[in-house]
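Engineer:
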Ligand code: AGP
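Below you can see the structure in the form of structure tokens.
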């Protein structure tokens, strides 16, 4: 969950430092409790690191400017071993300070290695697992005199998930990286090359990139990029072009990334649909590289995901089961991984993930494939681990989601899994072509509907400000509204640090209604009155039940639904939308509410406390 940057160029300049700091700023969402840089120039190695956000590191560099350099590393940390302190910040130096290393991941055998090194006389300056790798690298470098060879020796000793970048004081034209179950991509330049946790690290310098595979060591110089397997044999890295520009990763005039990304949602849906429906309205998922005969034989779908991505899977369950008549199980990846799931060659596993690096989901994907299942990744980040380890990838094109709490990725995940469901229904003939076309037409109308919901932003902001002191909020929904209620509650927890809980509305009378008391705020996601009418009537009954006990019902309902007006304290109307597509618009007011309430409380909505954008440890 850390952000790492590497650079090497052929000029002695401040560019290695500029690239490192610029990259770290864009990678802060991967972790931000400490930061540091390492530079290699004619005077050898310079390392500067500080606890706290990057501002503190930059202040230290302002006070004591670093010398010009040819190569550099940068690291922004999300602590796993050792508190956020200057000493525990990366880079870590090894041996006599001749090598510096930055790390993303967890070295699971670091204690054994630490004892072995200490017994040989190594003195440790930090509590981190990473420092172990630094000392191993220093020893290997002393023996080999070659940073690549030294890295190969080190990775042979390590267990766990890691991305490592390293430099040496007498090798200013070389940066070496290694990855296992943790992200690393190469940026290709002219007379310079880059490394990063993801493309945001170097996006303002190049759009040409290389996707590294599992267990690979990469060596970059100003003119060359070489890739070896951990076995020392040449390996292949896949080139790709990044379709994001640097601007997409900055706030675009909005006050926060969270605000920007909520407003990006119409575009996120539109781009996810782009190029996948032909003029005749037929669906084409060319990237779904799984034999159609296998897809026709699928008798169960299992979604594996975490957090918001899991709620996207819960929404998709209702639609895919309705369209395809295949049972869809939605499993929290960390639960799926460690129980004995019934998965086989006729199971299609769908791994939903924004980052593509969530370790819980990675492990679930590996487990599913070991059981013979085919795996499709629904993923937003190119060059990430999960699509590489899946049989096929269906990319959401939501663009970089920088705010730690997910919004546009959630919406895009629903749209993409709907495309997958419609594709399967089209392939298996459980929907006629005109039925698929009808749903696709409704999907293409969603961006405009989200735009209309965004017009209510000011009113929702006022509602949020009026509730800035609320202690706890409940969220109710039925059918596809139920996962929307869960996601609304999660957003409030993540952003405003307020206790919130989502329930299936039908569950209220089976216990949670005991929580209802005068003044209790309850958000209720009301289904369309034009859909399955019994759904609408039952949710109205739920509102009456809580109103009778003094609750303050804030209702998300369809424009024209006059029945709710008399029951609710507040109604936020959304455009009429078919029942199965309603989550794509109903969730937006809940996202805005959570964001505005957190803002009213003066909280950092982009980097909430304790969270990281990509949970790359189990
Ligand atoms: C989203 O608001 C949360 N930050 C979190 O639940 C996230 O959805 C989850 O960690 C999964 O991340 P992924 O989509 O990158 O796999």
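Numbering (my numbering), first residue to last: 51 to 668.
Every residue gets a Cβ at the ideal spot worked out from N, C-alpha and C, and that includes glycine.
Bear in mind that the values here come from a model prediction, so they are computed numbers and not experimental data.
Figure out for me which residue from 528, 626, 524 and 533 has the closest Cα to the Cα of residue 548.
Structural biologist: If we check each option's Cα against that of residue 548, 524 comes out closest.
Engineer: Taking the continuous beta strand (DSSP E) assigned at residue 266, which residues delimit it?
Structural biologist: Residues 266-270.
Engineer: Check whether the region 440-460 touches the region 271-289, taking contact to mean three or more Cβ pairs, one atom from each stretch, closer than 8 angstroms.
Structural biologist: Result no; under three Cβ-Cβ pairs closer than 8 angstroms.
Engineer: Figure out for me which residue from 298, 144 and 575 has the closest Cα to the Cα of residue 588.
Structural biologist: Nearest C-alpha to residue 588: 575.
Engineer: What whole-angstrom Cβ distance do residue 526 and residue 558 have, given they're in contact under 8 angstroms?
Structural biologist: That pair is a contact at about 7 angstroms.
Engineer: Is it a yes or a no for the region 480-494 touching the region 341-358, going by three-plus beta-carbon pairs under 8 angstroms?
Structural biologist: Touching, no, given that fewer than three Cβ pairs across the two stretches are closer than 8 angstroms.
Engineer: Can you give me the Cβ contacts of residue 380 inside the same chain, cut-off strictly under 6 angstroms, excluding the 5 residues immediately before and after it?
Structural biologist: Taken in chain order, the residues that qualify are 353, 363, 364 and 367.
Engineer: By a C-beta neighbour count over all protein chains shown, 10 Å radius and 16 as the cutoff for buried, is residue 114 buried or exposed?
Structural biologist: Classification for residue 114: exposed.
Engineer: Would you mind working out which of 616, 399 and 528 sits nearest residue 581, comparing C-alpha positions?
Structural biologist: When each option's Cα is compared against that of residue 581, the closest is 528.
Engineer: Check the DSSP bridge columns for residue 153 and list the partner residues they point to.
Structural biologist: The partner list for residue 153 (beta bridge, DSSP) reads 214.
Engineer: Check whether the region 285-296 and the region 473-488 touch, using three or more Cβ-Cβ pairs below 8 angstroms as the test.
Structural biologist: Flag = no, the region 285-296 and the region 473-488 do not touch.
Engineer: Using the Cβ count rule (16 or more neighbours within 10 Å means buried), how would you classify residue 305?
Structural biologist: So residue 305 counts as exposed.
Engineer: The beta strand (DSSP E) with residue 573 in it runs from where to where?
Structural biologist: Looking at the DSSP string, the run of the beta strand (DSSP E) that includes residue 573 is 571-575.
Engineer: Please indicate yes or no: does the CB of residue 454 lie closer than 7 angstroms to some heavy atom of the ligand AGP?
Structural biologist: Checking every heavy atom of the ligand AGP against the Cβ of residue 454, one is found closer than 7 angstroms.
Engineer: Thinking C-alpha only, which one of 59, 212 and 172 is nearest residue 159?
Structural biologist: With distances taken between Cα atoms, residue 159 lies closest to 212.
Engineer: When burial is assigned at 16 or more other CB atoms within 10 Å of the CB, is residue 229 buried or exposed?
Structural biologist: So residue 229 counts as buried.
Engineer: List the endpoints of the continuous beta strand (DSSP E) containing residue 482.
Structural biologist: Looking at the DSSP string, residue 482 is not in any beta strand (DSSP E), and its letter there is neither H nor E.
Engineer: Tell me whether the beta-carbon of residue 542 lies closer than 8 angstroms to the beta-carbon of residue 644.
Structural biologist: Going by C-beta atoms, residue 542 is nearer than 8 angstroms to residue 644.
Engineer: How long is the line joining the alpha carbons of residue 449 and residue 249, rounded to whole angstroms?
Structural biologist: Roughly 11 angstroms separates the two Cα atoms.
Engineer: Under 8 angstroms, with one C-beta from each stretch per pair, do the region 117-131 and the region 80-94 reach the 3-pair mark?
Structural biologist: These segments touch.
Engineer: Just the Cα atoms here: how many angstroms apart are residue 431 and residue 280?
Structural biologist: If you take the alpha carbons of residue 431 and residue 280, they lie about 25 angstroms apart.
Engineer: Whose C-beta lies closer than 6 angstroms to the C-beta of residue 605 among residues of the same chain, with five residues either side of it excluded?
Structural biologist: Excluding sequence neighbours, residue 605 sits near 574, 576, 614, 618 and 621.
Engineer: Is the beta carbon of residue 339 less than 8 angstroms from the beta carbon of residue 333?
Structural biologist: Against a cut-off of 8 angstroms, the Cβ pair of residue 333 and residue 339 comes out as no contact.
Engineer: Looking at C-beta atoms only, is the number of pairs between the region 58-78 and the region 143-156 that lie closer than 8 angstroms three or more?
Structural biologist: They do not touch, by the three-pair rule.
Engineer: With a cut-off of 8 angstroms, does the C-beta of residue 316 fall near any C-beta of chain C?
Structural biologist: You won't find chain C in this structure, because it holds only one protein chain.
Engineer: Below 8 angstroms between beta carbons: does that hold for residue 602 and residue 552?
Structural biologist: Their beta carbons are not under 8 angstroms apart, which means residue 602 does not touch residue 552 by this criterion.
Engineer: What span of residues does the alpha helix (DSSP H) with residue 160 cover, start to end?
Structural biologist: 160-169 is the extent of the alpha helix (DSSP H) around residue 160.
Engineer: I want to check one thing, is the minimum distance from the CB of residue 249 to the heavy atoms of the ligand AGP below 7 angstroms?
Structural biologist: No, the beta carbon of residue 249 sits no closer than 7 angstroms to any heavy atom of the ligand AGP.
Engineer: How big is the Cα-Cα spacing for residue 267 and residue 243?
Structural biologist: Between residue 267 and residue 243, the C-alpha separation is close to 15 angstroms.
Engineer: With residue 174 as the anchor, note down where its alpha helix (DSSP H) starts and where it stops.
Structural biologist: Run containing residue 174: none; DSSP gives neither H nor E here.
Engineer: Straight-line CA distance for residue 255 to residue 136?
Structural biologist: Roughly 29 angstroms separates the two Cα atoms.
Engineer: Quick one: is the Cβ of residue 540 within less than 7 angstroms of any heavy atom of the ligand AGP?
Structural biologist: Yes, the Cβ of residue 540 comes within 7 angstroms of a heavy atom of the ligand AGP.
Engineer: Using three-state DSSP, classify residue 604 as helix, strand or coil.
Structural biologist: Strand at residue 604.
Engineer: CB-CB under 6 angstroms to residue 57, same chain, minus the five flanking residues each way: which ones, in chain order?
Structural biologist: So the qualifying residues of the chain are 66, 69, 122 and 244.
Engineer: Counting only runs of 4+ residues fully inside the region 407-442, write out the alpha helix (DSSP H) ranges in chain order.
Structural biologist: Those alpha helix (DSSP H) runs which fall completely within the region 407-442 and span 4+ residues are 409-420 and 435-438.
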